[in-house]
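The structure under discussion appears below in the form of C-alpha cells.
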Amino acid sequence: MKQKTYDFLIVGQGLAGSILAHTLIQEGYTLKIIDHEHRGSSSIVSAGIINPFTGPRLKLTDNFFEKFLKAKNFYQAIEKKLNTRLFHPIIQHRFLSSSEQYDYYLKRQLQFPQSFQFHTKDKIYIHDTASVNVRNFLKLSKNYFKKNSDFESAQFDYTQLQFKKNNLIYKNSSFYQLIFCEGYQNIYNPFFQHDLFQLSKGSIMNVEIQGLEKSFYNWGHWLVPNFNIDQHFYLGASYHWGIQYQANTEKEYALFTSKAPLPISKKVFTLKNHYTGIRPTTVNRQVLIQTSPQDSRLWLFNGFGSKGCLEIPHHAHSFINSLNKTRRS
48 MKQKTYDFLI VGQGLAGSIL AHTLIQEGYT LKIIDHEHRG SSSIVSAGII
98 NPFTGPRLKL TDNFFEKFLK AKNFYQAIEK KLNTRLFHPI IQHRFLSSSE
148 QYDYYLKRQL QFPQSFQFHT KDKIYIHDTA SVNVRNFLKL SKNYFKKNSD
198 FESAQFDYTQ LQFKKNNLIY KNSSFYQLIF CEGYQNIYNP FFQHDLFQLS
248 KGSIMNVEIQ GLEKSFYNWG HWLVPNFNID QHFYLGASYH WGIQYQANTE
298 KEYALFTSKA PLPISKKVFT LKNHYTGIRP TTVNRQVLIQ TSPQDSRLWL
348 FNGFGSKGCL EIPHHAHSFI NSLNKTRRS
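Residue numbers for the sequence shown follow the working numbering, beginning at 48 and rising by one.
The structure is reproduced here in C-alpha cells:
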C-alpha cells in the first residue's frame, strides 16, 4: 500500500482536537485524525459554558474579552462551514448568596460596567456569556473530517510509531509532526510525563423543565439550555478528585438542586440523563502545550479544563501562529 504523507497527525477528536484540526485546515495544513471515542471523555459530557466571571468573588478570566472575541469568531466561522448553529449568546442570571458577594459585584460593576446589570440584591445579570453546542460540534466535525481529511476510528498504538530522520511513520502514513489531544487518556502516553495531571471526575444531568426561559442560571451550581431539545437544560456540575469515584444519581441531583434559588426550585424537574466524564485537570490549572522530551516533533495539546470552549480557540490560534513563524523562517 502506498504511503500517504501529511503535515500533522492528530490523536483525539474531542473539543481540543477538533478545534485544532479546523484551525490547521484553515491555515492550509494537511492532516490525519485518529480517534477512539473514549468512554468518559470530558468533551462528550461538556455543557459548553463560556462564563466571564467565575467563583464567589466574580473574578474575570485572564484576557477574557480578547479570548471571547476569538472564540466567537471561530465558532461562527465553523457554523458557516458546517451549516449549523453552535454559538449561543445567553444572559447569565447570577444569584448572590451573601452580602459579601454583593460587595464583590459592586466592585466588578465599576470595573466592567457593560458586563453587569443590576436586578435585585440577590440576583444580577451578566452579559458576555455564551453556550456552545459541543455535542453537535463534535458530531458534525467528525463528518466533515471524514469527507475532507483522513479520519480513522481506532485506538492509537504507541508502539507502532516510528521515528525517522525527516519524518514520523505510523502504520501506512507519514507525518512531520504529531499532536496528542487525548484528554485524560494522556496519562497512558509514554512520550510525556504524567505528574502534570491531577484528574477529576464530574457529572452533569439532562433535565426537562417546563416554562423556564432559555438562559444560564448560576447559583454555584447551574442550569444551561440544551439547545438540541426544547425545554431541556443541563444541570451541573460535580467535581471529585481522582477517577475512581462512582457517581450516585440521587446524591448528585440533591447536591445540584439543594441550594437552588426560589425561582428555580419552584419549577418541576424531570431527570432525563446523567452523564459522567473525566476531566484532564492539571496541576495549578496550567494549559499543556509542549513538545515531548523524547522528540520535539511530538506535541501535547491538553489541559484546558472546564473553560475549554473559551480557551482552546485562543491557544490553537497562538500555537499555529508559532508554527507559521517557524515555517516562514
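We put the beta carbon where it would ideally sit given N, CA and C, even for glycine.
Exercise. Please report how far the alpha carbon of A215 lies from the alpha carbon of F55, in whole angstroms.
Key: Here residue 215 refers to the residue found at position 168 when the sequence shown is read from its first residue. Here residue 55 refers to the residue found at position 8 when the sequence shown is read from its first residue. Checking the sequence, you will find Leu at residue 215 rather than Ala. L215 and F55: Cα-Cα distance of roughly 10 Å.
Quiz item: Between A284 and the rest of its own chain, which residues show a CB-CB distance below 6 Å, the 5 nearest in sequence each way excluded?
Solution: Counted from its first residue, the sequence shown places residue 284 at position 237. When the five nearest sequence neighbours on each side are left out, the beta carbons in the same chain lying within less than 6 Å of the beta carbon of A284 are those of G249 and I251, in order along the chain.
Practice problem: Measure the CB-CB distance between S188 and A68 and report whether it falls below 9 Å. | Solution: For the purposes of this step, residue 188 is identified with residue 141 of the sequence shown, where counting begins at 1. For the purposes of this step, residue 68 is identified with residue 21 of the sequence shown, where counting begins at 1. In this structure, A68 lies closer than 9 Å to S188 by Cβ.
Quiz item: Can the beta-carbon of E255 be found less than 9 Å from the beta-carbon of T317?
Solution: Residue 255 sits at position 208 when you count from the first residue of the sequence shown. Residue 317 sits at position 270 when you count from the first residue of the sequence shown. Here E255 is near T317, since their CB atoms are less than 9 Å apart.
Quiz item: Would you say D204 and I80 are within 9 Å of each other, going by their C-beta atoms?
Solution: Position 157 of the sequence shown, counted from the start, is the residue given in the question as residue 204. Position 33 of the sequence shown, counted from the start, is the residue given in the question as residue 80. In this structure, I80 does not lie closer than 9 Å to D204 by Cβ.
Quiz prompt | Other residues of its chain near G324: CB distance less than 7 Å, five sequence neighbours each side excluded | solution = In the sequence shown, residue 324 corresponds to position 277, counting from 1. A distance below 7 Å between beta-carbons, with the five flanking residues on each side excluded, links G324 to the following residues of its chain, in chain order: G87, S88, S89, I91, V92 and G249.
Quiz item: Between which two residues does the alpha helix (DSSP H) carrying D380 extend?
Solution: The chain is shown only over 48 to 376; residue 380 falls outside these bounds and no answer can be derived.
Self-check item: Straight-line Cα distance separating T304 from S312
Solution: Indexing the sequence shown from 1 puts residue 312 at position 265. Indexing the sequence shown from 1 puts residue 304 at position 257. Straight-line Cα distance between these residues: approximately 7 Å.
Quiz prompt | Through-space distance from G350 to L335, alpha-carbon basis | solution = Position 288 of the sequence shown, counted from the first residue, corresponds to residue 335. Position 303 of the sequence shown, counted from the first residue, corresponds to residue 350. Approximately 5 Å between the Cα atoms of the pair.
Quiz item: Between the beta-carbon of A94 and the beta-carbon of V271, is there less than 9 Å?
Solution: On the sequence shown, residue 94 is found 47 positions in, with the first residue counted as 1. On the sequence shown, residue 271 is found 224 positions in, with the first residue counted as 1. Taking a C-beta distance under 9 Å as the contact criterion, A94 and V271 qualify as a contact pair.
Quiz item: So is S343 buried or exposed if we call it buried at 16+ other beta carbons inside 10 Å?
Solution: On the sequence shown, residue 343 is found 296 positions in, with the first residue counted as 1. With fewer than 16 Cβ atoms within 10 Å of its Cβ, S343 is classed as exposed.
Exercise. Kindly list the residues whose CB is nearer than 7 Å to the CB of F100, restricted to its own chain and excluding five residues on each side of it in sequence; keep chain order.
Key: As a position in the sequence shown, residue 100 is number 53, starting the count at 1. Cβ neighbours of F100 beyond the five flanking positions: K106, L107, R155 and I173.
Exercise. Report buried or exposed for Q202, applying the criterion of at least 16 other Cβ atoms within 10 angstroms of its Cβ.
Key: For the purposes of this step, residue 202 is taken as residue 155 along the sequence shown, with counting starting at 1. Residue environment: Q202 is assigned as exposed (fewer than 16 neighbouring CB atoms within 10 Å of its CB, all protein chains considered).
Quiz item: On the premise that T70 lies in contact with I367, defined as a C-beta separation below 8 Å, what is that separation, rounded to the nearest angstrom?
Solution: In the sequence shown, residue 367 corresponds to position 320, counting from 1. In the sequence shown, residue 70 corresponds to position 23, counting from 1. Sure, about 6 Å apart at Cβ, within 8 Å.
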